[in-house]
Amino acid sequence: MKKGKQVMIPFCIILFVVLIAIISVWNKVTDFKTAYPQSYLFLVVMNWFDGIMLDRVWVGHSKIWEIKGMEGIPYIKPWKTVLTKRGLATILYLIIALVTAGIVVLVGKIC
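Going by our numbering, the sequence shown opens with residue 21, and the numbers climb by one from there.
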């Protein structure tokens, strides 16, 4: 398995569990009608924040990310790639939010 997947898979699982905990425990949501928009909004806001603020602004304008000997090689994605990727993820999150909201409802029935 590639090194990136070794980190990203557990990270995504942890993020998914935290999202469910925030909505079900912190926000005390037990119904699907409330859980779905909350989970979708959280996923979409984090997606766009990551793509624009972290990937483009912070990495693109911070000297901390510069690697000696690699100054001439671009290491940030072009705007078109960022916008396309984030736009497609926004659509995908419509489905992922369904799963998240369903789990939140199940957790609400258990607790």
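Virtual Cβ for every residue (Gly too), placed ideally from N, Cα, C.
Everything numeric in this text was worked out from a predicted model, so none of it was measured.
Practice prompt. In the DSSP assignment, find the alpha helix (DSSP H) that holds P57 and state where it starts and stops.
Written response: Counting along the chain, P57 sits inside the alpha helix (DSSP H) bounded by residues F52 to W68.
Worksheet item: How many Å lie between K105 and L63 at the Cα?
Response: If you take the alpha carbons of K105 and L63, they lie about 14 Å apart.
Worksheet entry | V102 beta carbon less than 8 Å from that of I72 | Contact check for I72 against V102 passes: the beta carbons are separated by less than 8 Å.
Worksheet entry | Host alpha helix (DSSP H) of P30 (start-end) | Its alpha helix (DSSP H) spans residues K23 to A41.
Fill in: Backbone secondary structure at S44 - three-state DSSP
In this structure, S44 counts as helix in the three-state DSSP scheme.
Worksheet item: For M90, which three-state DSSP category applies?
Response: Coil at M90, not helix or strand.
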